[in-house]
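Residue numbers (our numbering): 969 to 1083.
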C-alpha cells in the first residue's frame, strides 16, 4: 500500500506545491484540500503511463513530477463530473482518454502554475 507524499507546504498537506494548489483553486473554484499526491509511485507503470489521477489521488512515477499540473487539472475535471470512463482495463481500472480533456489539462495545468 502506498502512502501519500509527506510534503507539506504550511497548512497544505496535499503534496501539491502551494502555487499549483492556489492556482487550481482560483481557476476552478474547487478546494484542493482533499487531494493527495503519491510521488515515486509504481502504479502508473501498471497502466503503461507516467502519471494518472483517480478521484482526488494523483500517482506520479519516479522522475515524472513535470506531469503534476496536468494530472491535477484532471482532478478538477473529475470534481466537475466531466470525466466518464471509456475503457475498462484488466483488473477493473477505468480509463478515459478523451482528447479534449487531455488538451484542456495541458492548458489549464500550465495556467494554474502561473496564476
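Every residue, glycine too, gets a C-beta built ideally from N, C-alpha and C.
Nearest Cα to residue 1002 within the set 1080, 989, 987, 982: 982. Per DSSP, residue 1007 has no beta-bridge partner at all. The continuous beta strand (DSSP E) containing residue 1028 extends over residues 1025-1028. With contacts defined as CB atoms closer than 8 angstroms, residue 1045 and residue 1073 qualify as a contacting pair.
Assignment of residue 979 by DSSP, reduced to helix, strand and coil, places it in the coil class. Annotation for residue 1028: 1005, 1006, 1007, 1008, 1009, 1012, 1018, 1019, 1035, 1036, 1039 place their beta carbon closer than 8 angstroms to its own, counting only its chain and skipping 5 residues before and after. Distance from the CA atom of residue 1048 to the CA atom of residue 1030, rounded to whole angstroms, is 28 angstroms. Rounded to whole angstroms, the Cβ separation of residue 1083 and residue 995 is 6 angstroms, and the two are in contact under 8 angstroms.
If the five residues before and after residue 1042 are omitted, its C-beta is found closer than 6 angstroms to the C-beta atoms of 1021, 1073, all from its own chain and listed in chain order. Under DSSP, the beta-bridge partners assigned to residue 1022 are 1025.
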